[in-house]
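Peer 1: Below is the structure I would like to discuss, written out as structure tokens.
There are 2 protein chains.
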Amino acid sequence: MRDLAQTFKALADETRLAMLALILARGELCVCDLTEVLSITQSKASRHLRYLKNTGLLDDRRDGLWVHYRVAKGLTREQRAIVTAARRTFDRPRLGGLERKLDAWLKRKSREGCKP
Amino acid sequence: MRDLAQTFKALADETRLAMLALILARGELCVCDLTEVLSITQSKASRHLRYLKNTGLLDDRRDGLWVHYRVAKGLTREQRAIVTAARRTFDRPRLGGLERKLDAWLKRKSREGCKP
DNA sequence: CATCTATAACCGTTTAAGCGGTTATAGACA
DNA sequence: TGTCTATAACCGCTTAAACGGTTATAGATG
């Protein structure tokens, strides 16, 4: 019960939910992508990603300066069930909007780098 | 996204999770049953039940002095999905233990009333 | 009406989350 | 080595949760 409550707590925040939705949609994203697309500070992005990682929902992978986050390999049975249910219920229009923003950002990033 | 996070928040607490598990298992329970079986204060039980009711997960029904709580009729699509997933993942042994305790309590209650 | 019971609502306190700003670290690169 | 970049870790502050104890309310019962 402890663990189940913990998993729900990890998803009980709009920012973390949006991060998970985007990562589920794209497989893997780096911190600056999420910071940009969700229009949040780097410190906020980092904090919430750490939370999701500590809960065991995400893994990270360093690649040079960037750190990429993806859904963890070793989800528990409980976690898998909850994440799957969450995935099915994400707000489609909102997620669509975020994905378009992400695409625009990725294009700009590939031209001009990670800065603005 | 707002609502989804709200639903997760409602389930992000061990007490509320246990309450929901018991109510799902039995259909309907009154406040004193939950107070007794979970060994919590009345004020705590009432507070968490109000939380679940305000989130739209539970309905209440007054019957004389007692108030019975059950899973709400009008769950949103999201809520139904999440509750169903949660139900599947409840800690079986723990829930079994609570149910045995509940049965013992209900027997005693029918004999001696709601008191101890 | 007076009293008793089950529950809700309130209150003051403690604990935990979340936040932005700042500093530290790890790796790239001149 | 010095500097730049992406990210993590830290800090002080603010807000929100949760708690137990107490009081209020609704309905039962004598």
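Residue numbers (this note's numbering), protein chains in the order written: chain S, 63 to 178; chain A, 63 to 178.
For each residue, glycine too, the CB sits at the ideal point set by N, CA and C.
Tell me the DSSP secondary structure of L119(A) in three-state form.
Peer 2: Here L119(A) sits in coil by DSSP.
Peer 1: Give every residue of the same chain whose Cβ lies closer than 6 Å to the Cβ of H130(S), excluding the five residues on either side of it in the sequence, and list them in chain order.
Peer 2: Correct list, in chain order: E90, C92, R123.
Peer 1: Given M135(S), which residues of its chain have a CB within under 8 Å of its CB, disregarding the five upstream and five downstream residues?
Peer 2: Sequence check: residue 135(S) is Lys here, not Met. Closer than 8 Å at Cβ, skipping near neighbours: D121.
Peer 1: Please name the residues in the region 74 to 95 of chain S whose beta-carbon is closer than 7 Å to at least one beta-carbon of chain A, in chain order.
Peer 2: Here the close residues are A74, D75, E76, L79, A80.
Peer 1: List the DSSP bridge partners of L91(S).
Peer 2: Paired residues: Y131(S).
Peer 1: Please report the residue range of the alpha helix (DSSP H) in which D165(S) lies.
Peer 2: Unbroken alpha helix (DSSP H) run through D165(S): 154 to 174.
Peer 1: Quick one: grab the DSSP three-state call for D75(A).
Peer 2: If DSSP states are grouped into helix, strand and coil, D75(A) belongs with coil.
Peer 1: Going by the beta-carbon positions, is the gap between A72(A) and L100(A) smaller than 8 Å?
Peer 2: No, the pair does not count as a contact, with Cβ atoms beyond the cut-off.
Peer 1: In chain order, what residues of the same chain have a beta carbon less than 6 Å from the beta carbon of F152(S), not counting five sequence neighbours either side?
Peer 2: A83, listed in sequence order.
Peer 1: Excluding the 5 residues flanking L157(A) on each side, which residues of the same chain have their C-beta closer than 6 Å to its C-beta?
Peer 2: Once the five neighbours on either side are set aside, the close Cβ partners of L157(A) are A83.
Peer 1: Would you grab the beta carbon distance between E76(A) and R64(S) for me? Rounded to a whole angstrom, and I think it's under 8 Å.
Peer 2: That belief holds up - the Cβ atoms of E76(A) and R64(S) are roughly 6 Å apart, short of 8 Å.
Peer 1: What's the call for L119(S), buried or exposed, on a 16-neighbour Cβ count within 10 Å?
Peer 2: Per the 10 Å Cβ criterion, buried.
Peer 1: What does a CB cutoff of less than 6 Å around W128(S) pick up in its chain, not counting 5 residues either side in sequence?
Peer 2: Once the five neighbours on either side are set aside, the close Cβ partners of W128(S) are C92.
Peer 1: Hey, quick one: how far does the alpha helix (DSSP H) through T138(S) stretch, first residue to last?
Peer 2: Segment: none, T138(S) is in no alpha helix (DSSP H) and carries neither H nor E.
Peer 1: Quick one: is I144(A) near chain S, going by C-beta distance under 8 Å?
Peer 2: It does; some Cβ of chain S falls within 8 Å.
Peer 1: By the criterion of Cβ-Cβ separation under 8 Å, what are the contact partners of T151(S) in chain A?
Peer 2: Here the neighbours are L66, R139, E140, A143, I144.
Peer 1: Since L96(S) and R149(S) are thought to touch, with beta carbons under 8 Å apart, how far apart are those beta carbons, to the nearest angstrom?
Peer 2: The Cβ separation is near 17 Å, so there is no contact.
Peer 1: Using the beta-carbon of each residue, which ones in chain A are nearer than 8 Å to K115(S)?
Peer 2: Per Cβ cutoff of 8 Å: no residues; K115(S) is ~18 Å from chain A at best.
Peer 1: Compute the beta-carbon to beta-carbon distance between T117(A) and T69(A), rounded to the nearest angstrom, for a pair I have assumed lies under 8 Å.
Peer 2: That pair is a contact at about 7 Å.
Peer 1: Mind pulling the chain S residues with CB within less than 7 Å of K71(A)?
Peer 2: Within 7 Å Cβ-Cβ: A74.
Peer 1: Buried or exposed: where does E98(A) fall if 16 or more other Cβ atoms within 10 Å of its Cβ makes it buried?
Peer 2: Buried, since its Cβ has 16 or more Cβ neighbours within 10 Å.
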